[in-house]
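Asks: There's a structure below that I have some questions on.
Residue numbers (our numbering): 512 to 684.
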């Protein structure tokens, strides 16, 4: 056993939804991909395909994305955040998305609201942080599956639903 193992700081996993402590710092960030469920991606893809088919008949050039591209989902930034409570215990929390760099400084008193992640091996996820030193509430923003699909594709899918509904109404009525 070397000296680094003797003095390694013990990082705890917090289970409570509210943690109050001093901001220690951000750790190295990395990206994580969110997969979009097959039923959602397939429905949007097929419904947008109806609108794209009509658009190609009218010589319009709608945006075309593959189902594989849709299922891949958006990537978002994951930053481990460390807090130290009044007892000197250090906690690690995952922040998904970004905050302004000037929002938190080492030693600021903060209160964070967290939630457990689907994978129990991961630390809790930061939902909101209130910097009690500056009284500033902060919420990290991450891309969603809907922002990943984009407004053009979602409008095409809505148009596809409308066209499909009209065709079914004519066929059944």
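The C-beta atom is built at its ideal place from N, Cα and C for all residues, glycine as well.
Because the structure is a prediction, the values reported are computed rather than measured.
Should residue 671 go down as buried or exposed, given a rule of 16 or more other Cβ atoms within 10 Å for buried?
Replies: Buried.
Asks: Less than 7 Å separating the beta-carbons of residue 639 and residue 632?
Replies: Not closer than 7 Å, so no.
Asks: What's the call for residue 512, buried or exposed, on a 16-neighbour Cβ count within 10 Å?
Replies: Note that residue 512 scores 49 on pLDDT, short of 50, meaning its location in the model is unreliable; the coordinates nonetheless yield the value given after this. With fewer than 16 other Cβ atoms within 10 Å, it is exposed.
Asks: Using a Cβ-Cβ cut-off of 7 Å (strictly less than) and excluding sequence neighbours within five positions of residue 540, which residues of its own chain qualify?
Replies: So the qualifying residues of the chain are 588, 589 and 590.
Asks: Which same chain residues end up closer than 6 Å to residue 586 when comparing Cβ atoms and leaving out the 5 residues on each side of it in sequence?
Replies: Taken in chain order, the residues that qualify are 542 and 544.
Asks: Does the region 612 to 632 come close enough to the region 545 to 560 to have 3 or more Cβ pairs within less than 8 Å?
Replies: No: fewer than three Cβ pairs fall under 8 Å.
Asks: Three-state secondary structure (DSSP) at residue 628?
Replies: Coil.
Asks: What is the C-beta distance between residue 530 and residue 594, in whole angstroms, given that I count them as a contact (C-beta under 8 Å)?
Replies: Confirmed, about 6 Å.
Asks: Where does residue 625 land, buried or exposed, given buried means 16+ other C-beta within 10 angstroms?
Replies: So residue 625 counts as buried.
Asks: Looking at residue 622 and residue 641, is the spacing between their C-beta atoms short of 7 Å?
Replies: The answer is yes: Cβ separation under 7 Å.
Asks: I think residue 458 touches residue 668, with their Cβ atoms under 8 Å apart; what is that distance to the nearest whole Å?
Replies: This structure cannot speak to residue 458, because the chain is shown only from 512 to 684.
Asks: Which residue wins for smallest C-alpha separation from residue 598, given the options 532, 611 and 646?
Replies: Of 532, 611 and 646, the residue nearest in Cα terms is 532.
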